[in-house]
Every structure is written in structure tokens, then in C-alpha cells.
Amino acid sequence: GESVGLHLPTLSVQEGDNSIINCAYSNSASDYFIWYKQESGKGPQFIIDIRSNMDKRQGQRVTVLLNKTVKHLSLQIAATQPGDSAVYFCAEISNYGGSQGNLIFGKGTKLSVKP
Amino acid sequence: DTAVSQTPKYLVTQMGNDKSIKCEQNLGHDTMYWYKQDSKKFLKIMFSYNNKELIINETVPNRFSPKSPDKAHLNLHINSLELGDSAVYFCASSRLSGDYEQYFGPGTRLTVT
């Protein structure tokens, strides 16, 4: 299987509990944010996005919260299931110079769901 | 039905060699990307191509050369491979250049010995 980086933050939750994964971003000019899920051995998969003119957006079992004041983004997963076990990345859009429209990924958090 | 596919899935090679990774998307998207993911899972964009034209090159060494024969394909050629090139390389595509919902391929794990 794929090895996991030793420095990857890890969140361990019990099946059925709610999970909250946090992300701090640095660019106050970023105006679009995305959460991706990466299962072992696979590529990242889009989960949910939010624009900077919103502070909350809900999907199926997932909610993204954006706090622009402290440059903080969170992903809440309701009733976490074993299939939610993965590495979760937040990504922001940087519009500076030659990086216009570029996705800048955060470090990632590994979510482990205990049955 | 694979949306974004990459070959090979694993690639082991020696320093100094030249290798290529192929990527194809059947989504009809106009924009394709190459990302590098290091051992700490950090993902960084390398290239972006919109309808066969390069639009981003994020300070990648010129040993890396993307080639797009048509908008459904974006191949990555790497010359004179170095140990530091070992990583997982992901291809991705999106409908338009400004469309941030990107679809990723399964990745190619490159190991340089």
C-alpha cells in the first residue's frame, strides 16, 4: 500500500461520530476554496467548494465553513463512515501574477475511522 | 469508464534516464494539469494546458517537458532523472481554464534509484 508521510496530521474518530477537519490558509486575497478527498492509492477527488462571499455551504453529509477574519476553513463530516477514511486537502485559488487560477493545496489531514 | 487515466501506474528507473508518463481524459475537458505529490503528501501544480497550449509552468526544471498532441492528452517527459524526482505524479483535467473542479487521475508513482 501507499506509505503515509510521518508529518501528516491525523484525526481518528469513531464510526457514526461527526468529524471536523481544519485548514488555515495564508492568502487573504484567495476567493475560492475547495476540499478534496484522497483515498489510498488514488487521486484527489472533489468534495465541496465555497466562495469567499459565503461563510457556510452544505452538501450531502458534508459542510464547509469559512472564516475569512482568521483565514480558517473547516470541513465537517456528519455520521462518519469507514469509507470516509482518507487524506483530506483544502485548496485555495491564488490569483497572483503568473499563478492566476492556480490551485494551492494545503498539507492534508489523514482521517481514520474506527469501526 | 475511466475519466482520467495515466500510464504507467508505477515507474522505477535509474538516475540519468529519460522517461515519459502518459495521461488521457475522456471527459471532453479543455484544460489539463500535472501535479507532483511528495512523500509528505504535499501536492503542487507543475503545468497547466488549455486546449493544447501551456498556460502555467510553476518554476519546474526544464528537464520536465509536457507535450499535448491533442486536448485529450497531456504527456509528461522527464530528462536526466534525479533522485529528487521520486514522487507521485497526478494528471488532472477541468472543463475550462477557470473551472476549479478538477478531476484527477490515479497517479504514477515514480521511483528513481
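One line per chain: the protein sequences are A and B, in this order.
Note that the working numbering has the first sequence beginning at 5, numbered continuously upward.
Note that the working numbering has the second sequence beginning at 1349, numbered continuously upward.
Glycine is no exception: its CB is placed at the ideal position from the N, C-alpha and C atoms.
Predicted, not measured: the structure shown is a model, and the values here were computed from it.
Requested in this report: Take L1391/B and list the residues in its own chain whose beta-carbon comes closer than 7 angstroms to its own, dropping the five residues that flank it on each side.
Outcome: Y1383 and Q1385
Query raised in the report: Per DSSP, Y1437/B forms a beta bridge with which residues?
Result: K1384/B and T1456/B
**Report entry** I1404/B classed as buried or exposed, judged by whether at least 16 other C-beta atoms fall within 10 angstroms
**Finding:** buried
Query raised in the report: Do you know offhand how far K46/A's Cα is from G1455/B's?
Result: 7 angstroms
Query - Residues within the segment 1382–1407 of chain B neighbouring chain A, beta-carbon criterion of under 9 angstroms - result: Y1383, Q1385, D1386, S1387, K1388, K1389, F1390, L1391, K1392, I1393, S1396, I1403, I1404, N1405 and E1406
Report task. Taking only beta-carbon positions, decide if K72/A is within less than 8 angstroms of chain B. Result -> no
Report task. With DSSP collapsed to three states, give me the class of P86/A. Result -> helix
Requested in this report: Please go through the same chain and pick out, in chain order, the residues whose beta-carbon is closer than 7 angstroms to the beta-carbon of A1351/B, but skip the five residues on each side of it.
Outcome: For A1351/B, where only same-chain residues beyond five positions count, the Cβ hits under 7 angstroms are Q1373, N1374, L1375 and Y1451.
Query raised in the report: Using the rule of at least 16 other Cβ atoms within 10 Å of the residue's Cβ for burial, across every protein chain shown, is S1368/B buried or exposed?
Result: exposed
Query raised in the report: With a cut-off of 8 angstroms, does the C-beta of P119/A fall near any C-beta of chain B?
Result: no
**Report entry** E1449/B at chain A interface by Cβ criterion, 8 angstroms
**Finding:** yes
Report task. For G5/A, decide whether its Cβ has a neighbour in chain B, counting only Cβ atoms nearer than 8 angstroms. Result -> At G5/A the pLDDT is 32, less than 50, meaning the model places this residue with poor confidence; the figure from the coordinates comes in the next sentence. False, the Cβ-Cβ gap to chain B never drops below 8 angstroms.
Requested in this report: Say whether chain B places a C-beta atom closer than 8 angstroms to the C-beta of L79/A.
Outcome: no
Requested in this report: Name, please, each residue of chain B whose Cβ falls closer than 9 angstroms to the Cβ of G63/A.
Outcome: Going along chain B, no residue has its Cβ under 9 angstroms from G63/A, so there is no contact; the nearest lies around 13 angstroms.
Report task. Return no unless some Cβ of chain A is closer than 8 angstroms to the Cβ of P1454/B. Result -> Yes - at least one Cβ of chain A is within 8 angstroms of the one on P1454/B.
Requested in this report: Would you tell me roughly how many angstroms separate the C-alpha atoms of L1422/B and A1440/B, rounded to the nearest one?
Outcome: If you take the alpha carbons of L1422/B and A1440/B, they lie about 9 angstroms apart.
Report task. State the start and end residues of the unbroken beta strand (DSSP E) segment that holds E1372/B. Result -> K1367 to Q1373
Query raised in the report: If you drop the 5 nearest sequence neighbours on each side, which residues of the same chain put their C-beta closer than 8 angstroms to that of Q42/A?
Result: P48, Q49, A90, V91, Y92, F93 and G112
Query - Residues that F1438/B contacts on chain A, provided the C-beta gap is smaller than 9 angstroms - result: G47 and P48
Query raised in the report: How big is the Cα-Cα spacing for S44/A and A1420/B?
Result: 26 angstroms
Requested in this report: Given a cut-off of 8 angstroms, decide if M1363/B and E1430/B are closer than it, judged by their beta-carbon atoms.
Outcome: Remark: C-beta atoms of E1430/B and M1363/B approach each other more closely than 8 angstroms.
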